[in-house]
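In the UniProt record's numbering, the protein residues as written are 1 to 561.
All C-beta atoms in this analysis are idealised placements derived from N, C-alpha and C, irrespective of residue type, glycine included.
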Amino acid sequence: MRITDTSDLWWKNAVIYCLDVETYFDANGDGVGDFTGLAQRVDYLSELGVTCLWLMPFYPTPGKDDGYDVSDMYGVDPRLGDHGDVVELIRTAKDRGMRVIIDLIVNHTSDQHPWFKEARKSKDNPYRDYYVWRSDPPPDTSDQVVFPDKEDSIWEKDERTGEWYLHHFYRHQPDLNIANPKVQDAIASVMGFWLQLGVDGFRVDAVPFFLNDLGMSEHDKHDFSEPHAYLRALRQFLQRRSGDAILLGEVNVPFEDQVAFFGGRDGDELTMMFDFVGMQNIYLSMAREDARPLAQALRDRPLDQISPDSQYANFLRNHDELTLDKLTDAERQEVFAAFGPEPEMQLFGRGLKRRLPPMLGGDPRRLKMAYSLLFALPGTPVLFYGEEIGMGEDLDLPGRMAVRTPMQWTDEPGGGFSPAPASKLVAPVVTGGYGPEHVNVARSRHDPDSLLRHITLMAQRYRECPELGWGAFEVLDQPHHAVLAHRCTWDEASMVLLHNLGPEPVVVPLALEEDDGGTDLVDLLQEGRSRLDERGRVELPLDGYGYRWLRVMHPGDRRLP
Numbered sequence: 001m002r003i004t005d006t007s008d009l010w011w012k013n014a015v016i017y018c019l020d021v022e023t024y025f026d027a028n029g030d031g032v033g034d035f036t037g038l039a040q041r042v043d044y045l046s047e048l049g050v051t052c053l054w055l056m057p058f059y060p061t062p063g064k065d066d067g068y069d070v071s072d073m074y075g076v077d078p079r080l081g082d083h084g085d086v087v088e089l090i091r092t093a094k095d096r097g098m099r100v101i102i103d104l105i106v107n108h109t110s111d112q113h114p115w116f117k118e119a120r121k122s123k124d125n126p127y128r129d130y131y132v133w134r135s136d137p138p139p140d141t142s143d144q145v146v147f148p149d150k151e152d153s154i155w156e157k158d159e160r161t162g163e164w165y166l167h168h169f170y171r172h173q174p175d176l177n178i179a180n181p182k183v184q185d186a187i188a189s190v191m192g193f194w195l196q197l198g199v200d201g202f203r204v205d206a207v208p209f210f211l212n213d214l215g216m217s218e219h220d221k222h223d224f225s226e227p228h229a230y231l232r233a234l235r236q237f238l239q240r241r242s243g244d245a246i247l248l249g250e251v252n253v254p255f256e257d258q259v260a261f262f263g264g265r266d267g268d269e270l271t272m273m274f275d276f277v278g279m280q281n282i283y284l285s286m287a288r289e290d291a292r293p294l295a296q297a298l299r300d301r302p303l304d305q306i307s308p309d310s311q312y313a314n315f316l317r318n319h320d321e322l323t324l325d326k327l328t329d330a331e332r333q334e335v336f337a338a339f340g341p342e343p344e345m346q347l348f349g350r351g352l353k354r355r356l357p358p359m360l361g362g363d364p365r366r367l368k369m370a371y372s373l374l375f376a377l378p379g380t381p382v383l384f385y386g387e388e389i390g391m392g393e394d395l396d397l398p399g400r401m402a403v404r405t406p407m408q409w410t411d412e413p414g415g416g417f418s419p420a421p422a423s424k425l426v427a428p429v430v431t432g433g434y435g436p437e438h439v440n441v442a443r444s445r446h447d448p449d450s451l452l453r454h455i456t457l458m459a460q461r462y463r464e465c466p467e468l469g470w471g472a473f474e475v476l477d478q479p480h481h482a483v484l485a486h487r488c489t490w491d492e493a494s495m496v497l498l499h500n501l502g503p504e505p506v507v508v509p510l511a512l513e514e515d516d517g518g519t520d521l522v523d524l525l526q527e528g529r530s531r532l533d534e535r536g537r538v539e540l541p542l543d544g545y546g547y548r549w550l551r552v553m554h555p556g557d558r559r560l561p
């Protein structure tokens, strides 16, 4: 007997859309996107099929790391609006059936945060222990920096007090001392504040870093001897305040290490995690036109060690560099050669600063196959703004900023993002073949063959198929290396999904071992059905870079085909 419904765990079949308020839509014409503008685009997002907005940082900031250097965790950057505008955006989104999650940045603060300003005044300041300090010169830590093009150590000397403070990221982002109970209480207060304003959870930044005890005193290490107990406490606090709110974690570690961050079979830590390993193997598979690396990554997910309520979030692109750090050096070079051969396309020696359409040469067949694959994978799909129309990157911009350019709404100057002159825009609009005169929402809405129409259909079909978010997963045997054939089954519902990562058409033979006669595979993306023979076998044609979503329909099945 089923004791839950698909609406109970809403994140299991959500469509998540990540955006940066400052680059999305400018309502007041000052060149900076704002909450008022975003609220005016909620209907567009609803039509796209988005069910959950993920807002990148919108807090007050000195602006040295695109908002991830936070100077007030309770505040709103005044360029973007105020708390009333945030509440109105949340209300508008929820009126359309959308939930809203926001970035929770608790590994570090800006060095302009009031806590750090106090902490560096003296060694006995009450806020000193809000951060991690050392009195002796640090060893060489150049191999531990996150941004090797900007930093050569994870320690920075504070000349005023003569001690060094820890910073895993930039030197202007000192790491918080998570072992300090006062810091822990402060983080809970921040979460409680935003939950009270109506958010539905948090995307938790850099989780493995803030659970690390590196540099802590022996006293702090003793108090923080079980970092995952703290993560469990955060989850418990979250659920006391809002029973269906989520923690979506940025945890780029191998599969075997991910189990602990989920909370194992108890599922009492992170609700969801991004599948970085799967994403990187998608690109390796596309580079080789061989689906086997992706198939193996999917098989390697430790699903038997985590709670059925836990979930993986699938993505093709996010707001950072497209990291390839979990591939071998040789595999990474294969992806570089296929999708980013020029040095200016690469970043930190481990990733790419490109969006997917330019990497695939704008080939609509490969793009549509890739996004069909994104929505067909077991788990929850996550889109980065602009993906739905095929936006490109600006390689002239430094680092991660290459993919954080203004949203392209129309072919007007400024891409319809803002009427302000180019010199006033928060970031340059992409130029060239992927500029707004060629790639924009208005054009895509009126083109029946556009990527926007395709992704809208994928989102609709995904929402109609709870098997994809909830079901058991298996890779199906078939002879073509370029093809990923998999099946998702939940209760009595089952789907077969085919994706050809190569250019050559093939016929895919499958043996599904259905033991009752009259079983059909009904195509959900076009007219047509295929009948299984008495042994449960079928042969399915598949175009080059083709894809098929097939619902398994038994006699008497009353689901819509």
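- For secondary structure counted as the beta strand (DSSP E) over 3 or more consecutive residues, the region 93-142 holds these complete runs in sequence order: 99-104.
- Counting C-beta atoms within 10 angstroms of its own C-beta, Phe202 has 16 or more neighbours from the protein chains shown and is therefore classed as buried.
- With 16 or more other Cβ atoms inside 10 Å of its own Cβ, Val552 counts as buried.
- Note: Ser494 is bridge-paired with Thr489 in the DSSP secondary-structure output.
- Judged by DSSP in its simplified three-state form, Asn13 adopts helix.
- Exposed is the label assigned to Pro503, since fewer than 16 other Cβ atoms lie within 10 Å of its Cβ.
- Ranked by Cα distance from Arg317, the first of Lys326, Trp470, Met279 is Met279.
- Within the DSSP bridge table, the entry for Pro541 names Val507 as partners.
- The alpha-carbon of Leu510 is positioned some 9 angstroms away from that of Ala485.
- CA-to-CA, the gap between Met458 and Glu387 works out to about 13 angstroms.
- The region 159-227 is shown to contain whole beta strand (DSSP E) runs of 3 or more residues at 163-166, 201-204, in chain order.
- For Phe339, the enclosing alpha helix (DSSP H) starts and ends at 329-339.
- According to DSSP, His481 shares a beta bridge with no other residue.
- Under the criterion of beta carbons closer than 8 angstroms, Lys221 and Thr161 do not qualify as touching, at roughly 22 angstroms.
- For Val522, the three-state secondary structure derived from DSSP is strand.
- Nearest in C-alpha terms to His167, of all of Glu331, Glu534, Asn13, Asn107, is Asn107.
- Leaving aside the five residues that flank Thr489 on each side, the residues in its chain whose CB is nearer than 7 angstroms to its CB run, in chain order, Glu467, Gly471, Ala472.
- Boundaries around Leu55 are those of the beta strand (DSSP E), 52-55, since no alpha helix (DSSP H) includes it.
- Take the alpha-carbon of Asp543 and the one of Arg461: they are about 20 angstroms apart.
- Boundaries of the alpha helix (DSSP H) harbouring Gly278: 276-288, taken from the DSSP string.
- Inclusion of Asp275 and Ala313 in the CB contact set at 8 angstroms is warranted, their separation being smaller than that value.
- Three or more Cβ pairs closer than 8 angstroms define a contact, and the region 98-105 meets that threshold against the region 43-61.
- Judged by DSSP in its simplified three-state form, Phe147 adopts coil rather than helix or strand.
- Counting along the chain, Met553 sits inside the beta strand (DSSP E) bounded by residues 547-553.
- By the neighbour-count definition (other C-beta atoms within 10 Å, threshold 16), Pro60 is a buried residue.
- Residue pairing by DSSP places Glu474 opposite Arg487 in a beta bridge.
- In this structure, DSSP gives Ser530 an extended state, which the three-state scheme calls strand.
- By the CB criterion at 8 angstroms, Pro357 and Gly392 fall inside the cutoff.
- A straight-line Cα-Cα distance of about 14 angstroms links Val506 and Val538.
- Distance from Leu247 to Leu270 at the Cβ level is roughly 5 angstroms; contact confirmed, criterion being Cβ atoms closer than 8 angstroms.
- With a minimum length of 3 residues, the unbroken runs of beta strand (DSSP E) contained wholly in the region 347-428 fall at 380-384.
- Annotation for Ile306: no beta strand (DSSP E) segment contains it, and DSSP assigns it neither H nor E.
- In the DSSP annotation of this structure, Gly31 is not part of any alpha helix (DSSP H), being labelled neither H nor E.
- Between the region 226-242 and the region 197-211, the count of C-beta pairs closer than 8 angstroms reaches three or more; the two stretches touch.
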